[in-house]
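Peer 1:
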Amino acid sequence: MAQSAALNLWQLAFVLGLSPLFAGIAQKCKELVASKRGPSIFQPYRDLRKLFAKDEVVSERSSWILRFTPYVVFVVPLVVTLLIPVLTDFPLFFAFVGDMLAAGFILAMSGFFFTLAAIDGGNPYGPMGASRTRMVGFLVEPVIIVVLFTVSFVADSTIPYIVQQHWVHPLANFFSASHVLLLIAFFMVILAETGRIPVDNPSGHFELAMVDESKALEFSGRSLALLKWGGYMKFTVLAIIFLNVLTAPWGLASTGTIPAMLLATVLIFVKVLVLVLLVVIVESSFAKLRLFRIQEFVGAAFIVSVTAMVMELLGL
Amino acid sequence: MSAWLYHLNALVLGLFILTAIAMVVMRQIGACMQVFVLQSLLLAASAFLLGGAPWSWHLFALGCVTIASKAVLIPWILRSMVPAQVYARREFSQSIDVSAILLSSLALLLAGYAAGIPLNAAAHSLSPANVSVGMAGLLIGLLQLAVRREAVPQILGILAMENGAFLVGIAIAPNFPLIAELAIAFDVPLLAFIVALLTRSVYQETGSTEVGSLTALRELL
Amino acid sequence: MNMHVAAWLIPALPLFAALVLALPRSERVASALTIGCSVVSFGLSIAVMCGLQMGGVLVLIAHWVEVDSLSALLLLLITLIATTAAIFSAGYIGPEHSALRTRLYYANFNLFVFSMLSIPLTVELGLVWIAVELTTLLSILLVSFSGTREALEAAWKYMVLTLLGATVAVLGVLMLFWALHVTGSTDFTWTGLRVAASVMPLALVKTAFALLLIGYGAKIGLVPLHTWLPDAHSQAPAPVCALLSGIETTVVLYVLLRLRGVFLQVPAVHVQAWFAVLGLISVGVAVLLIVQTHDFKRLFAFSTVEHMGIVLVAASFATPLGDAAAVWQILAHAVTKSFCFYAAGSALLVSGTRSIADVTGLLDKSKITAAALLVGSLAISGAPPFAVFLSELAIFRAGIVSQHYLVTGLLAAFIVIGFFGVLFHAGNMAFGRPAPGRRAWLKLPVLCGIALGIAALPVIVLGAWIPLALARLLLHSAAVLGG
Chain A
1 MAQSAALNLW
11 QLAFVLGLSP
21 LFAGIAQKCK
31 ELVASKRGPS
41 IFQPYRDLRK
51 LFAKDEVVSE
61 RSSWILRFTP
71 YVVFVVPLVV
81 TLLIPVLTDF
91 PLFFAFVGDM
101 LAAGFILAMS
111 GFFFTLAAID
121 GGNPYGPMGA
131 SRTRMVGFLV
141 EPVIIVVLFT
151 VSFVADSTIP
161 YIVQQHWVHP
171 LANFFSASHV
181 LLLIAFFMVI
191 LAETGRIPVD
201 NPSGHFELAM
211 VDESKALEFS
221 GRSLALLKWG
231 GYMKFTVLAI
241 IFLNVLTAPW
251 GLASTGTIPA
261 MLLATVLIFV
271 KVLVLVLLVV
281 IVESSFAKLR
291 LFRIQEFVGA
301 AFIVSVTAMV
311 MELLGL
Chain B
1 MSAWLYHLNA
11 LVLGLFILTA
21 IAMVVMRQIG
31 ACMQVFVLQS
41 LLLAASAFLL
51 GGAPWSWHLF
61 ALGCVTIASK
71 AVLIPWILRS
81 MVPAQVYARR
91 EFSQSIDVSA
101 ILLSSLALLL
111 AGYAAGIPLN
121 AAAHSLSPAN
131 VSVGMAGLLI
141 GLLQLAVRRE
151 AVPQILGILA
161 MENGAFLVGI
171 AIAPNFPLIA
181 ELAIAFDVPL
191 LAFIVALLTR
201 SVYQETGSTE
211 VGSLTALREL
221 L
Chain C
1 MNMHVAAWLI
11 PALPLFAALV
21 LALPRSERVA
31 SALTIGCSVV
41 SFGLSIAVMC
51 GLQMGGVLVL
61 IAHWVEVDSL
71 SALLLLLITL
81 IATTAAIFSA
91 GYIGPEHSAL
101 RTRLYYANFN
111 LFVFSMLSIP
121 LTVELGLVWI
131 AVELTTLLSI
141 LLVSFSGTRE
151 ALEAAWKYMV
161 LTLLGATVAV
171 LGVLMLFWAL
181 HVTGSTDFTW
191 TGLRVAASVM
201 PLALVKTAFA
211 LLLIGYGAKI
221 GLVPLHTWLP
231 DAHSQAPAPV
241 CALLSGIETT
251 VVLYVLLRLR
261 GVFLQVPAVH
271 VQAWFAVLGL
281 ISVGVAVLLI
291 VQTHDFKRLF
301 AFSTVEHMGI
311 VLVAASFATP
321 LGDAAAVWQI
331 LAHAVTKSFC
341 FYAAGSALLV
351 SGTRSIADVT
361 GLLDKSKITA
371 AALLVGSLAI
381 SGAPPFAVFL
391 SELAIFRAGI
401 VSQHYLVTGL
411 LAAFIVIGFF
421 GVLFHAGNMA
431 FGRPAPGRRA
441 WLKLPVLCGI
451 ALGIAALPVI
461 VLGAWIPLAL
471 ARLLLHSAAV
481 LGG
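Next comes the structure, spelled out in structure tokens:
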């Protein structure tokens, strides 16, 4: 019990501590691919420290939502972290509190508050970004639902700890059509949900073209720091769901001993790193889509997920 | 068939469907052709996988002929005989928009799945999934033929339909006497050759290969 | 001469001519060689016909290449029309085309004839499918021969729809093989299938039937897959039109009729109902299109759709009388339609236009052409005393005897509409007031006139008298069709 709680805390620390690093590595790699030197991989930590030290300016016409939202955005990925297997392949204290659908709903809550806050701030670009994010969100929603349904259909469960074991027992399952196609679909969902190219350009500075970034224009100081950190953690959490739950439980600790957990920390770090590199490759080789082409990208993800489902049906 | 071969074949089939749909929506003609090559390789892979478990020379030969003819010879014929400007074209008008195409191809995928059920129930085949996916591939190829207006993608649509038909064929008629190899080895390259000649004439006569815009012949009511 | 050698030589001769024409030859040699090979092939077909007078089967390679009475009839028709088309080509493909193009035309022509000949010769369904696919592929460039925008459009539509049909049909062939395989048989021929049909799994047989009907139906221009036919059959050079309309559609129809024998063994497929419905729709739509058309080559193309439908309806009765009428109709249509296209081609040559309104008063300008058009139109629309009249009467009789009153009544009504439609246009062209505006009328090349004369012979003779050998062949063919 106590050990289980301690391991949960370890996982929280992993997500909390390392997610800015992943963002930094991604940024550095992108610059390297573009033949530039780029900032240090620890730049996100410095940014966060700087922002925490700064004063915060809040419009006096705004409501409590604007003030409350950064905390929601920051806390939500941590809550989800409790539900999913970050480092261990056995269920921890909170494992059965919620399944993958619950995780999805909780993540959606932060998006909901962020949208309201963007409108609340009164900045003209805020509502624009909010409505665009919502558009992507609406389009992505059916894909996520089909993916989750297919997962529950294949693995007879939506509890992450049970799902992850299905893909490798027997090992042939790993290569099943539904599994591979689900991975492709979910990878595309991650790109869309975390605002990466080809859906959105996270490093863009042109307000009119922004999708996700423009929502944060009205925040400063500590609020902005929390929002950024929450964004980093959201990517990490989605990456971990993708890697540990949907791909394979490889690299996870099977016992709660300290050496095993240390090893798992390293291995999972490497795993996430591989995904980050994959995202970098995608971001560097594709151009951002025009806004009205986004539906085609998400449509492709939808097709892939439905094909996964049909392939599973065909196997019966 | 072992679980491994079964899963790998299913994976090949899943990718086959994706290539079929990708060919309908691809805007670049050159990319469309590359996807077709990929699809033909997937067809060959399925033939190898099905021919592996109870060993079948026939399917092995079919796979080899498919690679030689559809993945090598046909792209070469179409590339060398149709003017290069055609492949450089990027955007062109499709009859309906991409989302509608995606949704229609989903409907066709499900239709193919539904069409396969009674057939698989009626008789034993090497791989029931091949029947449904092949049917879907055929229907999606038909969709491609209907919505594309350029010459090369239309032809690739016909060839994609044929890929679908043979994907069914390798599962239901593994010992089909000769026709499949003959058809793929001689008919299909001949088809590509003649169509390429025709496409070149169209290009010389009209200055483009947008055959969808040729609508002079119809009833004058 | 040995019958086997004769049967092999029939398809070998056009193939030989095509191969020879791959080497540089003058245009005169090309056309003479084509005519020569066609004539010899025709003679050999008559020999084969006489050899098969008592019915029976000439086995060249068991289960692969066999000739029975029905095949012999088709061989006869193909070689006959190939001969007249070759002669007509000599006049039609004039010196305005380059030597290379002319030579390639004749090479392609011979290959096309070869591919059509291989359909009745083969009995294995896979090979038949390949042969049908070859007829499409080898005729595409003939359709686009003139190289105009319209011809290219027609060739493209022709290619897309017929190749689509071929692809659907190949799946049908594979399904049928699967169904046969399930019964334990490996004899994938017409007879083998007929034997095994009743024990095949029903779902497979039904699917195969649907796929084959769509696939081969697209090739013979069944409504609603007919849209390519008037384009291709009007844009191609006249001799190619004669081959396409007169015989290519017929050989594919022959495949469907053979398949009918297989599917009749499975009552749950309802072959008769499908044939009757699709046939009637085709006839009905075609006659309406005939009435409204403005182009005399399209007129005859629509008439082809009509006649394909008529044969299907005749086949749907599935009685010996109906089969005999269907075979008779095939013969009459092939002979008459090719003549019609020669007449239309001649009219196009002398007037330079396809428009009906622009060639009115043809009788004043070119007596031969106008007479040919009139005779052709009368014959194809079913006026007595021509062969089509007799065969259509036979079909009505078969329908009434087998108590298909509704089908026969509708068919008769449509045919009457078609009759008046064709004659209205033909009368306009021959006797109407000459169109205003001066048009440069050309003289008809002599060879075209000769071809018209030769092609007219069977049209006129067959209505009044049938050679005994041919009559026997027809009887046996009908028997083969009925099983």
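Chains as they are written, first to last, in the numbering used here: chain A, 1 to 316; chain B, 1 to 221; chain C, 1 to 483.
Each residue gets a CB set at the ideal place from its N, CA and C atoms; glycine is no exception.
1. Sorted by chain position, which residues of the same chain lie with C-beta nearer than 6 Å to residue 190 of chain C's C-beta, five sequence neighbours on each side aside?
2. Below 7 Å between beta carbons: does that hold for residue 233 of chain A and residue 77 of chain A?
3. Would you mind giving the Cβ-Cβ distance between residue 268 of chain C and residue 313 of chain C, rounded to the nearest angstrom? I have them listed as a contact below 8 Å.
4. Just list the residues that DSSP pairs residue 295 of chain C with in beta bridges.
5. May I ask which residues mark the beginning and end of the beta strand (DSSP E) holding residue 60 of chain C?
6. Excluding the 5 residues flanking residue 93 of chain A on each side, which residues of the same chain have their C-beta closer than 6 Å to its C-beta?
7. By the 7 Å beta-carbon criterion, what residues does the segment 138–171 of chain C contribute toward chain B?
8. Let me see if you follow: with CB-CB separation under 7 Å, is residue 178 of chain C close to chain B or not?
9. Give a yes or no on whether the C-beta atoms belonging to residue 174 of chain C and residue 20 of chain B are separated by under 7 Å.
10. Decide if residue 159 of chain B is buried, meaning its Cβ has at least 16 other Cβ atoms within 10 Å, or exposed.
11. Is the segment 183–202 of chain A touching the segment 287–294 of chain A in the sense that three or more CB pairs, one from each, lie closer than 8 Å?
12. Output, in sequence order along the chain, the residues in the segment 199–217 of chain C whose CB is closer than 8 Å to any CB in chain B.
13. Tell me whether the segment 330–339 of chain C and the segment 381–389 of chain C touch, counting them as touching only if at least three CB pairs, one residue from each stretch, are closer than 8 Å.
14. Does any residue of chain B bring its CB to less than 7 Å from the CB of residue 180 of chain A?
15. Using alpha carbons as the reference points, say which of A/23, A/51, A/65 and A/162 lies closest to residue 241 of chain A.
16. Comparing the C-beta of residue 42 of chain B with each C-beta of chain A, is any distance below 7 Å?
17. Looking at the C-beta of residue 194 of chain B, does it have a partner C-beta in chain C at a distance below 7 Å?
18. Does DSSP classify residue 253 of chain A as helix, strand or coil?
19. In whole angstroms, give me the CA-to-CA distance for residue 214 of chain C and residue 109 of chain B.
20. Between C/178, C/219, C/115 and C/224, which has its C-alpha nearest residue 206 of chain C's C-alpha?
21. Find the nearest neighbour of residue 106 of chain A within the set A/122, A/79 and A/89, judged by alpha-carbon distance.
22. Could you tell me whether any Cβ in chain A is nearer than 7 Å to the Cβ of residue 157 of chain B?
23. Give the residues of chain A in contact with residue 52 of chain B, contact being defined as C-beta atoms less than 9 Å apart.
24. May I have the straight-line CA-CA distance separating residue 106 of chain C from residue 314 of chain A, to the nearest angstrom?
25. Following the continuous alpha helix (DSSP H) through residue 492 of chain C, name the residue where it begins and the one where it ends.
26. In chain order, what residues of the segment 286–300 of chain A put their CB closer than 9 Å to some CB of chain B?
27. Provide the residue(s) that pair with residue 124 of chain C in DSSP beta bridges, ordered along the chain.
28. Out of curiosity, what's the CA-to-CA distance linking residue 54 of chain A and residue 236 of chain A?
29. Would you list, in chain order, the members of the segment 5–25 of chain B that have their beta-carbon closer than 9 Å to a beta-carbon of chain C?
30. DSSP on residue 162 of chain C, reduced to helix/strand/coil?
31. Keeping to the same chain, check which residues put their C-beta closer than 6 Å to that of residue 83 of chain B; ignore five residues upstream and five downstream.
32. May I ask which residues mark the beginning and end of the alpha helix (DSSP H) holding residue 57 of chain B?
33. Which whole-angstrom value is the C-beta distance of residue 361 of chain C and residue 433 of chain C, which I expect to be below 8 Å?
34. Scan the segment 71–85 of chain B for residues whose Cβ lies nearer than 9 Å to a Cβ of chain C and list them as they occur along the chain.
35. Determine the chain B residues that contact residue 172 of chain A at a beta-carbon separation under 7 Å, and present them in chain order.
36. Report the rounded CA-to-CA distance for residue 286 of chain C versus residue 216 of chain C, giving the unit in angstroms.
Peer 2: In brief:
1. In the third sequence, counting from the first residue as 1, residue 190 of chain C sits at position 190. Excluding residues within five positions, the ones whose Cβ falls inside 6 Å are 123 and 258.
2. Stepping through the first sequence from its first residue, residue 233 of chain A is reached at position 233. Stepping through the first sequence from its first residue, residue 77 of chain A is reached at position 77. Yes, these two residues count as a Cβ contact at 7 Å.
3. Here residue 268 of chain C is taken as the residue at index 268 of the third sequence, counted from 1. Here residue 313 of chain C is taken as the residue at index 313 of the third sequence, counted from 1. The pair is not a contact, with the Cβ atoms about 21 Å apart (cut-off 8 Å).
4. Here residue 295 of chain C corresponds to residue number 295 of the third sequence, with the count starting at 1. According to DSSP, residue pairing for residue 295 of chain C in a beta bridge involves C/355.
5. Your numbering for residue 60 of chain C matches position 60 in the third sequence. Taken as a continuous stretch (DSSP letters only), the beta strand (DSSP E) holding residue 60 of chain C covers 58–61.
6. Residue mapping note: residue 93 of chain A aligns to position 93 of the first sequence, counting from 1. Cβ within range, chain order: 4, 5 and 8.
7. From the segment 138–171 of chain C, only 140, 141, 144, 147, 149, 150, 152, 153, 154, 155, 156, 159, 160, 163, 164, 167, 170 and 171 have a Cβ closer than 7 Å to chain B.
8. Counting from 1 along the third sequence, the entry for residue 178 of chain C is found at position 178. Interface with chain B (7 Å Cβ-Cβ cutoff): residue 178 of chain C is included.
9. As a position in the third sequence, residue 174 of chain C is number 174, starting the count at 1. As a position in the second sequence, residue 20 of chain B is number 20, starting the count at 1. Contact flag unset, no.
10. Position 159 of the second sequence, counted from the start, is the residue given in the question as residue 159 of chain B. Residue burial is scored here from C-beta neighbours: residue 159 of chain B has at least 16 other C-beta atoms within 10 angstroms and is therefore classed as buried.
11. Taking 8 Å as the limit for Cβ pairs, the verdict is that the segment 183–202 of chain A does touch the segment 287–294 of chain A.
12. Contact residues of the segment 199–217 of chain C toward chain B are 201, 202, 203, 204 and 207 (C-beta to C-beta distance below 8 Å).
13. Taking a cut-off of 8 Å on C-beta distances, the segment 330–339 of chain C touches the segment 381–389 of chain C, as three or more cross pairs fall below it.
14. As a working note, residue 180 of chain A is residue 180 in the first sequence. By this cut-off, residue 180 of chain A is an interface position.
15. The count along the first sequence starts at 1 and reaches residue 241 of chain A at position 241. Answer by Cα proximity: A/162.
16. Taking the first residue of the second sequence as 1, we reach residue 42 of chain B at position 42. By this cut-off, residue 42 of chain B is not an interface position.
17. Within the second sequence, numbered from 1, the residue matching residue 194 of chain B stands at position 194. Yes - at least one Cβ of chain C is within 7 Å of the one on residue 194 of chain B.
18. Counting from 1 along the first sequence, the entry for residue 253 of chain A is found at position 253. Residue state, collapsed to three classes: strand.
19. Your numbering for residue 214 of chain C matches position 214 in the third sequence. Your numbering for residue 109 of chain B matches position 109 in the second sequence. Going from the Cα of residue 214 of chain C to the Cα of residue 109 of chain B covers about 20 Å.
20. In the third sequence, residue 206 of chain C corresponds to position 206, counting from 1. The residue with the shortest Cα to Cα distance from residue 206 of chain C is C/178.
21. Mapped onto the first sequence, residue 106 of chain A falls at position 106. Distances from the alpha-carbon of residue 106 of chain A to those of A/122, A/79 and A/89 put A/79 closest.
22. Position 157 of the second sequence, counted from the start, is the residue given in the question as residue 157 of chain B. Using beta-carbon distances, residue 157 of chain B does not count as an interface residue toward chain A, since no partner is under 7 Å.
23. Residue 52 of chain B sits at position 52 when you count from the first residue of the second sequence. Simply none; closest approach about 15 Å.
24. As a working note, residue 106 of chain C is residue 106 in the third sequence. As a working note, residue 314 of chain A is residue 314 in the first sequence. Distance between the alpha carbons of residue 106 of chain C and residue 314 of chain A: 52 Å.
25. With chain C running from 1 to 483 in the structure shown, residue 492 of chain C is simply not present.
26. Of all residues in the segment 286–300 of chain A, 293, 295, 296, 299 and 300 have a Cβ within less than 9 Å of some Cβ in chain B.
27. Here the question's residue 124 of chain C lines up with position 124 in the third sequence. According to DSSP, residue 124 of chain C shares a beta bridge with C/189.
28. Position 54 of the first sequence, counted from the first residue, corresponds to residue 54 of chain A. Position 236 of the first sequence, counted from the first residue, corresponds to residue 236 of chain A. Residue 54 of chain A and residue 236 of chain A: Cα-Cα distance of roughly 26 Å.
29. Of all residues in the segment 5–25 of chain B, none places a beta-carbon less than 9 Å from a beta-carbon of chain C.
30. By one-based count along the third sequence, residue 162 of chain C stands at place 162. In the structure shown, residue 162 of chain C adopts helical secondary structure according to DSSP, grouped into three states.
31. Counting from 1 along the second sequence, the entry for residue 83 of chain B is found at position 83. These residues qualify, in order along the chain: 203.
32. The residue given as residue 57 of chain B occupies position 57 in the second sequence. Per DSSP, residue 57 of chain B belongs to the alpha helix (DSSP H) from 57–66.
33. Against the third sequence, residue 361 of chain C aligns to sequence position 361. Against the third sequence, residue 433 of chain C aligns to sequence position 433. That belief holds up - the Cβ atoms of residue 361 of chain C and residue 433 of chain C are roughly 6 Å apart, short of 8 Å.
34. Correct list: empty, as no residue qualifies.
35. If you number the first sequence from 1, residue 172 of chain A lands on position 172. From the beta-carbon of residue 172 of chain A, the residues of chain B found nearer than 7 Å are 3, 4 and 7.
36. As a position in the third sequence, residue 286 of chain C is number 286, starting the count at 1. As a position in the third sequence, residue 216 of chain C is number 216, starting the count at 1. Approximately 18 Å, taken between the alpha carbons.
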